[in-house]
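One structure is given below, encoded as structure tokens.
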Amino acid sequence: MGFRSVRLYVLRELGIGLLLASVLGTLAFFMVSIWVGTQIGIIFSISIVLTILVAMVVAIGLPWVLQRLNFDPAIASGPFATVLRDIASILIYFGTAIVFMA
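Okay, structure coming up:
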């Protein structure tokens, strides 16, 4: 796989990830704002957007790093990526809440 095709793949993933994050963040904002309130809607939507972007970076970067370290990315990246995304999503949600509610 040449540099040009890897670059095209990463750019395509970034575009899809940004589109998905913006759509889901907007939907989350409106739904949570109606049920709970605007401030929680903002916190939740920003958390959703950041979590999707971090998950996208992990999904692209982790197999690449594992391959560079001479590990099989197909075996190691699945469980490790899941744990990283779960921990990151919790930290992002609570971090965003602390920033906005402080």
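Under the numbering used here, the first residue of the sequence shown carries the number 137, and numbering increases by one thereafter. All residues carry an ideal CB built from backbone N, CA and C; glycine is no exception.
query                                                                          : result
Val190 to Ala157 span [Cα, whole Å]                                            : 10 Å
Inter-residue spacing [alpha-carbon to alpha-carbon] between Arg140 and Leu147 : 11 Å
C-beta atoms of Leu202 and Ala212 nearer than 8 Å                              : yes
The alpha helix (DSSP H) enclosing Leu205, as first and last residue numbers   : First-last for Leu205: undefined, no H or E at that position.
CB of Phe236 within 8 Å of CB of Ile152, strictly                              : no
Nearest-angstrom Cα separation, counted from Ala195 out to Ala217              : 7 Å
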